[in-house]
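Below: one structure, written as structure tokens.
Protein chains in written order, with our numbering: chain D, 1 to 346; chain P, 347 to 692; chain E, 693 to 1038; chain S, 1039 to 1384.
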């Protein structure tokens, strides 16, 4: 059986999730939506994804044909042929969409822009895949929360309990966005502690975490500066922590040093070399020479590609909801192998 | 016959030229050089390009094996099996390399970082392909000069003569470079007029052109603000100029406006959507609503992807030197079709 | 007689004009307006400028007292005691304000954000002071137009006629603005030629000028790249052009070179050293080693401090309207001497 | 008695310290040094500070006269008439300079660029003024350490003990520097924990602190994201912490919110409004709505003007070394009152 996946919202995240789904052999993209005939439609056509209108309004639907795009109808037409919908629409419209999805009898996946309270359930592959098996719907957490889970869950599982302080140095705008600033300033998120870190507890309530956040004038990646307090008698060393992460899927460890990866600029250049579309880096990037265990503390930096790290989690979440793969590591391996092949990598 | 191509210098330009050559069915990459075992070697290995050392020094050569990379020998070993070498080493080492290439009996191609005086011959596909047929060696001009040729040559050919003022607003550092500034300033190139525009005259001496240049805090593209003076009785209109460029290979015309491509950020996002490796845009980007003909003047803006626009010109230049394709439009069509296929595009 | 000056709008420009007026011995600030009790009110209080409300609405007026600020009343109360009002409110509200000023019988000065058509009259000290003598009101042109007039008028007067192409590389946001982008892009102004250059013709119709403009990710200064075509037989040399500008008030000539002023960052650092409040540079900055005369062409770069170069022009414009100084050079000398003294400079 | 102060190194910090010293009525600037006749000499001349050469080399000294600057001789000539020297030369030359100062029998003050080990003694006004009374020499700690001391010392003194994690988001280059990047990246300081936080312990060994640091593409201020752990039974509330800082000299508390100071851009605009030369902000800026006490934790953000916050500490350090004021609060009050007057503020 091939799972039929609808993508509601074909933008920054939606276009990436569509490709990742299309690369799998157990699922297919049966349609993507746009609010109106615009730029992104050409991409969907080029990729061969059937186009639908985000609304059921006949006037809006016919606008696509007028602009020269074949349109399969409104969102209801798309939901009628889907098993699961990945909602990649802008945040805050989730609640109303959810009712529609329930009525249509399809499973749904929201993105991190929605609140946990809306869905009552959240998802990260390595954190709680099993808890999501067969569920009606879930929320794939944000890029930051996903990144934190990837490196914190193995620490938690190795040590039994951890306590975390994270400072998030966030990119202020995405690469394709030329409207937002600041050009030359640092903007603090004044609500302290911030909501970012605690969101990890929606997928792993036993991680004790607080966070602070600032936005800075860069477009390419977020950076996390993290201090973890391990329990007494933890037995971890810098080297054993590095080993944990080497065995963790979707975490990349590389060297900084004089000739290595000195900043997020070189991380992104490395990602472009890998050759995934859009220069994406699904993996969380950790500097191996920026990790240190001393006493009960672990310090480390990680860089997050905000446009893409959640993309493979959406694929795994589909398998969780459909109950087609109960082992998270098996799903991750399958997802990642397919994505790499799709991009022409060995 | 398959032309055997050596790439001397596997960096920003070299890695791109290698892929473009490998995508063609009439040429192959027989080796790429690195000065020492480093980051870029992994990429060459992954792509399957034989690795050589930039030097013939046995100690330097054996350093590759010590670091775990198979190395085919020094530059002389590579030249011994090559028909043509594309020199993508950093500027200013060209003159000494040229003697080596001559001695080895291979044809050579330098990049725009070298001076025209070094080679006595320069190349842009649309400007002077025929003049380079069968030549011993040539220089593919810089990203800026290539971009100017693509839009100016058709104007020149349509009107008989043109006079040009160009202001170049240059990106101050490449995306992978985190050392260079400025962070918050504009830096003028105080030598006026600058060398950039007149370099066009090395491929098309009948274009009368001067230029000025500034560097600005962006990494992604150069921008040109251009004013062309046409001869009396030119007969051109805004619409006929746009038509000229629509028929010109490697020029993309798109709309700005409210919902279109408002800046180089959106141009690069469009390029990422196209899906070429590194998010490259080989084409020169012209805003169609930023073009105007009035009296004898034409105003327009064009954006240049400094990392990649010269890449396909190197492929065409190989065909010119080898004499395997005398028609520039035929070579361009062949080059571009292969590159697109290589990147998985329809 | 001391001219009583009202400042309608105490923001980026208004706060600077207020200080410049207060520094003169032939005029005084009799009040400044704010739309509501906010941040800027503290500055006005500290400087000793009477505060008024931008509106005559009693509720809005009393809000000032509620917030602890003494408020002299509404705009009508301020106009009742003023001889002239400098309107520094945001652009596009000028037309309606003008009626109010006329009704109140005060002279008015608008800023470059308003259109010439609104006032039918524009002003730059060196360009047309005499034409504004005794006028009812005028418009001090924008920072860019003011900068162009300062360097072009002397060329025009020396040569009889000039033709100009200017490319404006504009700062995308002011230093205190953290909302506007782009962070990493260049944005062209697609209306070509742009409105910026031709605005010079509102103060000097005999300058033939067109312009193009882009916005770049910097906050501190605009840069102009200018090519002037002189008439045949002009007799100018690089050195004689530099001499013209050395004799021109409010133009600063300095060296770039290796150890000099290499970018707008160092220009602004020089301005901070001078010690004017806000690190302002009223002068237009020209790189003397970035000027060249060759044939009939003059190339040069100039940097414009967008927040302050028009400030002294407002003072001179007050004298023009009031008819208190008919010689522009005399007014400029008086204005500048007072401003320098005000800032504690010799 | 007026203390005679020499400034060795008249650059970013030196020029500011000179003005701050000159503003006091119990000390005077008897000379400043430059390595050679250059840009900064004009500023010294304009301010009326006697110029000396950094070296005793007669050739270098006479170069000043050749360039038209009166020069009082070499560093030895300056030291011969000084009571104390403030060394503002670039870091790492301190050790050799110290021997010279000792030999000349003058007291010395180094800046934070030197290591504590060089001097064996460090200084921040609020942390350890008394410990420096009558000492032969000391080191005024870096801008970051100074900033941390100002907000942490009062917490320490109120609670008896504190434990601190600080993430430093550093500006990558100063405003006048157009060479350094990155333009679009975040650069982590891979040595974790970083040296920045623990430097606080050179002035207050009883503060338990670790830190991490990143550099970001901004020029204007550093930002600190700080989490303090208070001892059990601390009794502090958000409001009592704010009160502590309101009573602390050289700490400014302001509001963010919708209409307040949302980023370092607005902080610097506020500083420009205050009117100190160079738009300096000697005070540490804390967002009052970014402070929270919960359980044993305190979270807060502070912004540091890296060019100027240490300037008044140098003045206080002079008084400590000379033994002319034993009470730190008295010295601070005297210093700050004089600086404000010097800048024309009420």
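Cβ coordinates follow ideal geometry from the N, Cα and C atoms, glycine included.
For residue 1204 (chain S), same chain residues with a beta-carbon under 6 Å away, outside a window of 5 residues either side, are 1235, 1249, 1262, 1264 in chain order. Within chain S, the residues 1217, 1218, 1219, 1220, 1221 have their CB atoms less than 9 Å from the CB of residue 526 (chain P), given in chain order. DSSP places residue 926 (chain E) in the coil class of the three-state scheme, outside both helix and strand. Between residue 819 (chain E) and residue 841 (chain E) a beta carbon distance of about 5 Å is seen, short of the 8 Å cut, so the two are scored as contacting. Assignment of beta strand (DSSP E) within the region 258-334 of chain D, counting only whole runs of 3 or more residues, yields 284-287, 292-294, 297-304 in chain order.
Each residue's CA atom was taken as its position, placing residue 85 (chain D) and residue 189 (chain D) some 33 Å apart.
Assigned with DSSP and collapsed to three states, residue 938 (chain E) falls in helix. The three-state secondary structure of residue 544 (chain P), taken from DSSP, is helix. The C-beta of residue 937 (chain E) comes no closer than 7 Å to any C-beta of chain P. Per DSSP, the unbroken beta strand (DSSP E) holding residue 374 (chain P) starts and ends at 373-380.
Taking a cut-off of 8 Å on C-beta distances, the region 290-300 of chain D touches the region 225-245 of chain D, as three or more cross pairs fall below it.
Residues of the region 533-563 of chain P with a C-beta atom less than 8 Å from some C-beta of chain S are 533, 563, listed in chain order.
In the structure shown, residue 550 (chain P) falls within a coil segment according to DSSP collapsed to helix, strand and coil.
Residue range 1145-1148 is occupied by the beta strand (DSSP E) that includes residue 1145 (chain S). In this structure, residue 638 (chain P) keeps its C-beta atom at 7 Å or more from the C-beta atom of residue 575 (chain P). Distance between residue 658 (chain P) and residue 368 (chain P), taken at the CA atoms: about 12 Å. In this structure, E:725 is the residue among E:725, E:741, E:996, E:941 with its C-alpha nearest to the C-alpha of residue 752 (chain E).
Burial of residue 707 (chain E) is indicated by the presence of at least 16 other C-beta atoms within 10 angstroms of its C-beta. Remark: C-beta atoms of residue 363 (chain P) and residue 492 (chain P) do not approach each other more closely than 7 Å. Put simply, the backbone Cα of residue 741 (chain E) is about 9 Å away from that of residue 735 (chain E). For a cut-off of 8 Å, the C-beta gap from residue 805 (chain E) to residue 783 (chain E) is around 3 Å, short enough to register as a contact. Sequence-distant Cβ neighbours of residue 28 (chain D) in its own chain, meaning closer than 8 Å and more than five residues away, are 2, 3, 4, 5, 21, 22. Within the same chain, Cβ atoms closer than 8 Å to the Cβ of residue 142 (chain D) are found at 111, 112, 113, 196, 199, 310, the five residues on either side in sequence being excluded.
Three or more beta-carbon pairs separated by less than 8 Å are not found between the region 274-284 of chain D and the region 319-330 of chain D, which leaves the two stretches without contact. Across the structure, residue 948 (chain E) and residue 1191 (chain S) are spaced so that their CA atoms are roughly 46 Å apart. Nearest CB-CB separation between residue 12 (chain D) and chain E: not below the 7 Å threshold. Listed by position along chain E, the residues whose Cβ is nearer than 7 Å to that of residue 1311 (chain S) are 735. In the same chain as residue 613 (chain P), and ignoring 5 residues on each side of it, the C-beta atoms closer than 6 Å to its own belong to 607, 631, 649, in chain order.
Counting the other Cβ atoms within 10 Å of the Cβ of residue 939 (chain E) gives fewer than 16, which makes it exposed. Taking residue 730 (chain E) as reference, the option from E:745, E:808, E:1000, E:767 with the minimal CA-CA separation is E:745.
Comparing alpha carbon positions, the residue from E:999, E:762, E:801, E:763 closest to residue 827 (chain E) is E:801. Relative to the Cα of residue 94 (chain D), the nearest Cα in the group D:213, D:273, D:103, D:118 belongs to D:118. Taking 4 residues as the shortest admissible run, the region 808-886 of chain E contains the following complete alpha helix (DSSP H) segments, listed from N- to C-terminal end: 808-811, 817-820, 835-851. Neighbours of residue 278 (chain D) across chain P, judged by C-beta separation under 9 Å: 615, 618, 619, 621, 625. Contact annotation: residue 401 (chain P) and residue 419 (chain P) have beta-carbon atoms that are not nearer than 7 Å.
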